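Student: Take this structure first; my questions come after.
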Amino acid sequence: MNVTFTHMVDADISLVFPQLSAAEELFSLIDSDRQRISQFLDLDHTKTWQDEREFIKTKLIGYAEGTDFLLFMAFNQQLCGCIDIHNIDTKAGKGEIGYWIHSSFSGRGIVSKSVRAISTIAFNELALNKLKIIVDLENTASNRVAQSSGYFLTSVERSDMRLRENLRDMNHYTLLKEDLTKKS
């Protein structure tokens with residue numbers, strides 16, 4: 015992975031600013047764990063590394079426009095997943111966090127630590143006041159990540175999102191900037 019900007023979360027975990035040149039590596043990571051990742055994330059539009067390149071390009075344009083902030087997660091300098099803030103509304107001071115990690119890296123606290131790090135960046139650098147994480151009710155691991163990252167369950171929304179043909183119930187978690195400063 016060709017690295018430009020890196021935010022060190024701890025000695026092993028880093029958040030890396032995305033590069034188009036990483037599209038093939040990122041696609042290979044997704045494709046090798048497609049069955050697991052697609053349980054809760056729609057990957058129907060990601061069939062080739064070129065599709066992944068277009069996704070990265072879209073997120074970089076969103077970064078320039080202030081609506082998206084995508085970072086790659088790396089463990090010991092090896093790409094292991096993605097985390098982002100999307101649906102950024104600078105006027106309202108809010109955004110939504112999303113993430114995925116390859117199964118070979120799960121269970122190490124990488125996502126929880128990355129969520130806490132990107133939340134701090136969102137509040138301190140992007141001047142956001144409220145973050146939301148929306149998680150499929152059945153996604154036990156992601157629900158644990160939201161909870162262990164200090165997010166509060168604010169609602170359970172029935173038939174809230176469509177994943178392929180199915181409407182899914184979703185947990186909505188939120189964190190305010192003031193909540194983060196209370197925990198510090």
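Just add 14 to wherever you are in the sequence shown, counting from 1, and you've got our numbering. All C-beta atoms, glycine included, are put in the ideal place defined by N, C-alpha and C. Keep in mind it's a predicted model, so treat the numbers as computed, not measured.
Quick check: what's the CA-CA separation for Arg130 versus Ser163?
Tutor: Indexing the sequence shown from 1 puts residue 130 at position 116. Indexing the sequence shown from 1 puts residue 163 at position 149. When the Cα atoms are used, Arg130 and Ser163 turn out to be separated by approximately 6 Å.
Student: For the beta strand (DSSP E) holding Leu145, just list the boundary residues, first then last.
Tutor: As a position in the sequence shown, residue 145 is number 131, starting the count at 1. Residues Lys144 to Asp150.
Student: Sorted by chain position, which residues of the same chain lie with C-beta nearer than 8 Å to Tyr77's C-beta, five sequence neighbours on each side aside?
Tutor: Position 63 of the sequence shown, counted from the first residue, corresponds to residue 77. Short of 8 Å from the beta carbon of Tyr77, and not among the five residues preceding or following it, lie these beta carbons of its own chain, in chain order: Phe83 and Leu84.
Student: Following the continuous beta strand (DSSP E) through Thr188, name the residue where it begins and the one where it ends.
Tutor: In the sequence shown, counting from the first residue as 1, residue 188 sits at position 174. Asn180 to Leu190 is the span of the beta strand (DSSP E), which, as asked, contains Thr188.
Student: Whose C-alpha, out of Ser156, Val149 and Asn138, is nearest the C-alpha of Leu190?
Tutor: Along the sequence shown, read from residue 1 onward, the residue named residue 190 stands at position 176. The shortest C-alpha separation from Leu190 is found at Asn138.
Student: Enumerate in chain order the residues of its own chain whose CB-to-CB distance from Ser120 is below 7 Å, with the five nearest sequence positions on each side excluded.
Tutor: Sequence index remark: in the sequence shown, residue 120 carries index 106 (1-based). If we look at Ser120 and ignore the five residues flanking it on each side, its Cβ neighbours are Ala155.
Student: Just verifying my parser: in three-state terms, what is the DSSP assignment at Val129?
Tutor: Taking the sequence shown and counting its residues from 1, the one referred to as residue 129 is at position 115. In the structure shown, Val129 adopts helical secondary structure according to DSSP, grouped into three states.
Student: Going by beta carbon distance, what residues of the same chain come within less than 6 Å of Asp183, once the five residues before and after it are set aside?
Tutor: In the sequence shown, the residue the question calls residue 183 occupies position 169. Answer for Asp183: Leu151 and Arg172, listed in chain order.
Student: Would you kindly work out how many angstroms separate the C-alpha atoms of Leu199 and Ser118, rounded to a whole number?
Tutor: Since the first residue of the chain shown is 15 and the last is 198, residue 199 is not available in this structure.
Student: Leaving out five residues on either side along the sequence, give the residues of the same chain with a beta carbon under 8 Å from the beta carbon of Tyr113.
Tutor: Looking up residue 113 in the sequence shown gives position 99. Counting only residues of its own chain and dropping the five nearest sequence neighbours on each side, Tyr113 has a CB closer than 8 Å to the CB of Met87, Gly95, Cys96, Ile97, Asp98, Val125, Ser128, Val129, Ser156 and Val159.
Student: Assuming Lys73 contacts Pro32 (C-beta within less than 8 Å), just tell me the rounded distance between them.
Tutor: Counted from its first residue, the sequence shown places residue 73 at position 59. Counted from its first residue, the sequence shown places residue 32 at position 18. Indeed they touch by this definition, with Cβ atoms about 7 Å apart.
Student: Quick one: complete alpha helix (DSSP H) runs, 4+ long, within the segment 63 to 146?
Tutor: 63 to 79 and 124 to 138
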